[in-house]
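Everything on this sheet refers to the single structure shown next.
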Amino acid sequence: MGLRAESMRLSPHGIRLQERLSLARLPGLKTGDIEIQDEGSQLVALLVDAKPGERVVDFCAGAGGKTLAIAAQMKNKGHIVACDVNETRLKRCAERHRRAGLHNVETRVLASETDRWVKRHKGGFDRVLVDAPCSGTGTWRRNPDARWRAPELGLENLVALQARILASAARLVKPGGRLVYATCSILCEENEAQVATFLASNPGFRLVSVPEAAPHLTGATQSDHLSLTPARHGTDGFFAAVLQRDALPAPSHADPTHTA
Numbered sequence: 001m002g003l004r005a006e007s008m009r010l011s012p013h014g015i016r017l018q019e020r021l022s023l024a025r026l027p028g029l030k031t032g033d034i035e036i037q038d039e040g041s042q043l044v045a046l047l048v049d050a051k052p053g054e055r056v057v058d059f060c061a062g063a064g065g066k067t068l069a070i071a072a073q074m075k076n077k078g079h080i081v082a083c084d085v086n087e088t089r090l091k092r093c094a095e096r097h098r099r100a101g102l103h104n105v106e107t108r109v110l111a112s113e114t115d116r117w118v119k120r121h122k123g124g125f126d127r128v129l130v131d132a133p134c135s136g137t138g139t140w141r142r143n144p145d146a147r148w149r150a151p152e153l154g155l156e157n158l159v160a161l162q163a164r165i166l167a168s169a170a171r172l173v174k175p176g177g178r179l180v181y182a183t184c185s186i187l188c189e190e191n192e193a194q195v196a197t198f199l200a201s202n203p204g205f206r207l208v209s210v211p212e213a214a215p216h217l218t219g220a221t222q223s224d225h226l227s228l229t230p231a232r233h234g235t236d237g238f239f240a241a242v243l244q245r246d247a248l249p250a251p252s253h254a255d256p257t258h259t260a
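Using my numbering, the letters of the sequence shown correspond one by one to residues 1 to 260.
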């Protein structure tokens with residue numbers, strides 16, 4: 001099957017097909033050799049910047065698209081825990097991992113964002129991604145009817161849930177580790193305001209600018225965060241912020257000089 005494709009404008013790891021077709025016909029999809037993913041999702045995974053051998057949590061993994069992208073960064077080395085409160089979604093996630101030949105991903109169903117598993121693994125991970133449940137306003141280009149349907153929880157309740165999820169996931173980050181907060185929303189309440197509220201309550205974290213966290217993503221930044229819109233970038237609307245936990249202070253060395 002001959003297909004015309006081009007490199008993506010922002011993601012170094014994807015290609016964009018130049019024609020519409022049924023992607024389910026692609027043999028590589030069934031074997032796990034290729035995956036369908038919006039360019040914005042790929043960039044969010046790049047901000048996680050997971051290294052081989054690290055311990056990583058995808059806290060709201062869903063069907064596991066970003067988990068797959070993170071695992072590719074890690075070259076199947078290290079350990080990823082893909083968490084979600086929806087067991088059905090995690091089963092689909094596990095099936096995608098199997099097709100892709102991944103063996104460093106564990107799936108874990110959480111009872112809620114405050115599941116006891118979080119407390120047991122406090123400070124145990126190098127990287128934590130929170131792809132938070134949101135209004136989905138960034139996906140309206142693909143789902144135009146959604147603009148006429150209010151979010152099931154209501155925006156106020158969604159924002160409160162996001163705050164609880166972010167606070168809980170932050171407990172998993174080790175000193176010096178990275179927390180990435182992302183949504184497919186274009187609303188300030190779910191994005192910039194949410195991050196500002198978190199930082200005000202968590203002085204042990206600092207905001208890392210996208211140029212510092214991922215210098216190669218220069219075309220998609222709004223200085224302190226990743227901000228994508230369909231009009232500017234041809235992707236879904238996406239927001240992401242990188243939050244770094246302070247490292248532990250270096251141990252002080254006592255003066256070896258002794259007095260008589």
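Built from N, CA and C at the ideal position, the CB exists for glycine as well.
{"Item": "Determine contact between the stretch 87–98 and the stretch 117–126, defined as no fewer than three beta-carbon pairs at a distance below 8 Å.", "Value": "no"}
{"Item": "How many whole angstroms separate the CB atoms of V44 and A182, which I take to be in contact at a CB cut-off of 8 Å?", "Value": "5 Å"}
{"Item": "So, using beta-carbon positions, are V173 and A240 closer together than 8 Å?", "Value": "no"}
{"Item": "Applying the 10 Å Cβ sphere with the 16-neighbour rule, what's the burial state of E190?", "Value": "buried"}
{"Item": "Run the CB neighbour count on T139, radius 10 Å, all protein chains shown included, and call it buried at 16 or more, exposed below.", "Value": "buried"}
{"Item": "For S185 and S227, what's the separation of their Cα atoms in angstroms?", "Value": "10 Å"}
{"Item": "So, at 7 Å on beta carbons, what are the nonlocal neighbours of Q244 in its own chain, with the 5 sequence-adjacent residues on each side left out?", "Value": "R178, F205, R206, V208"}
{"Item": "Less than 8 Å between the CB atoms is what I'm expecting for S112 and V85, so what's the real figure, rounded?", "Value": "6 Å"}
{"Item": "Leaving out five residues on either side along the sequence, give the residues of the same chain with a beta carbon under 8 Å from the beta carbon of A260.", "Value": "Note that A260 scores a pLDDT of 44, beneath 50, so its modelled location is shaky; the value from the coordinates is reported in the next line. Here the set comprises nothing."}
{"Item": "Mind checking E212: buried by the 16 CB within 10 Å criterion, or exposed?", "Value": "exposed"}
{"Item": "Taking only three categories from DSSP, how would you classify V118?", "Value": "helix"}
{"Item": "For R127, does the count of other Cβ atoms within 10 angstroms reach 16, so buried, or fall short, so exposed?", "Value": "buried"}
{"Item": "Under 8 Å by Cβ, that's how I've got C83 and V57 pegged, so tell me the actual separation to the nearest angstrom.", "Value": "6 Å"}
{"Item": "Thinking C-alpha only, which one of V105, D131, N157, A196 is nearest H79?", "Value": "V105"}
{"Item": "Looking only at its chain, what residues have a beta carbon closer than 6 Å to the beta carbon of V48, apart from the 5 residues adjacent to it on each side?", "Value": "I70, R127, L129, V180"}
{"Item": "Find out if the Cβ-Cβ distance for the pair A132, L110 is shorter than 8 Å.", "Value": "no"}
{"Item": "Output yes or no for whether 8 Å exceeds the beta carbon distance between T137 and L187.", "Value": "yes"}
{"Item": "Between which two residues does the alpha helix (DSSP H) harbouring E87 extend?", "Value": "87–100"}
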